[in-house]
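J.: The structure follows.
Residue numbers (my numbering): 2 to 112.
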């Protein structure tokens, strides 16, 4: 049986919903990982965990911790080439349900 981790030990998660206009062609996850190691180095970069949950070229969701979501937003802003368009952070939430509500307001039905 898998041991349970107490709630106080786990980091709370945040979901960052963003939009890239007019669109981005490429691997966003790889781009963010390279930017993380370039900006923060290997040791400090390991304290900024993130996962690209969804990205379709225009809208994306990144899962991270509540302590590192500011750093993830910084990585998004600095790593996206200006020629590819501009970035807009639509929402930061602790649940995917709220992210879905914001996406429905955008006219998207993703997850």
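Note that the Cβ used here is the ideal one computed from N, Cα and C, for glycine as well.
1. Which of the three DSSP states is assigned to residue 106 in this structure?
2. Give me whichever residues DSSP pairs with residue 17 in a beta bridge.
3. Tell me, to the nearest whole angstrom, how far the beta carbon of residue 103 is from that of residue 18; I am working on the premise that it is less than 8 Å.
4. Within its chain, find whatever has a CB closer than 7 Å to the CB of residue 20; leave out the 5 residues flanking it on each side and keep chain order.
5. Tell me the DSSP secondary structure of residue 115 in three-state form.
6. State yes or no: is the C-beta of residue 95 within less than 8 Å of the C-beta of residue 15?
7. Could you check what DSSP says for residue 24 in three-state terms: helix, strand or coil?
8. With H, G and I counted as helix, E and B as strand and the rest as coil, what does DSSP make of residue 11?
9. Given this structure, state the Cα-to-Cα distance separating residue 101 from residue 38, to the nearest angstrom.
10. Return yes when the Cβ of residue 69 is within less than 8 Å of the Cβ of residue 50, no when it is not.
T.: Here's the rundown:
1. helix
2. 63 and 93
3. 6 Å
4. 59, 60, 89 and 91
5. Outside the shown range of the chain, which is 2 to 112, sits residue 115, and nothing can be said about it.
6. yes
7. coil
8. coil
9. 31 Å
10. yes
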